[in-house]
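Numbering-wise (our numbering), the sequence shown opens with residue 29 and increments by one. Note that beta-carbon positions come from the ideal geometry of N, C-alpha and C, so glycine has one too. Scroll down for the structure; my scribbles are underneath it.
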Amino acid sequence: QGAVAHQVSEKSGLDIGQVAQLLITLAPIVMGFLGKKKQEQNLDAGGLSSMLGEQQQQMQTAGNPMMDMVSGFFDKDKDGSSMDDLASMAASYFQQKR
């Protein structure tokens, strides 16, 4: 989370403390959303990845530059796609919840 907060701070111009607080606030919301979708649609890690990929594609098609920036923050392996990284994080989170 520290690396993400640092990158968001650099790109947005926000103080790193503000960014860290924002990420702490957003993390449970995002994970709750993913958990709800996982349960409603009976998704596994691959299904979550596909769903997130579709969402990302819709946002990029709509021309949302903020999405490009956010996507870049989560692309840990720098392969040009954050979906595999987000799916991996989500799968890890849900495996820990068992």
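**Asked** Exposed or buried, S40, counting other C-beta atoms within 10 Å across all chains shown (16 or more means buried)?
**Response** Flag for S40 reads exposed.
**Prompt:** In the structure shown, what three-state DSSP assignment does K66 receive?
**Reply:** It is helical.
**Asked** With a cut-off of 9 Å, does the C-beta of Q85 fall near any C-beta of chain D?
**Response** Although the question refers to chain D, the structure presented lacks it and comprises just one protein chain.
**Asked** DSSP on D107, reduced to helix/strand/coil?
**Response** Of the three classes helix, strand and coil, the one that applies to D107 here is coil, per DSSP.
**Asked** Taking buried to mean at least 16 other C-beta atoms within 10 Å of its own C-beta, is L80 buried or exposed?
**Response** Taking every protein chain shown into account, the CB of L80 has 16 or more other CB atoms within 10 angstroms, so this residue is buried.
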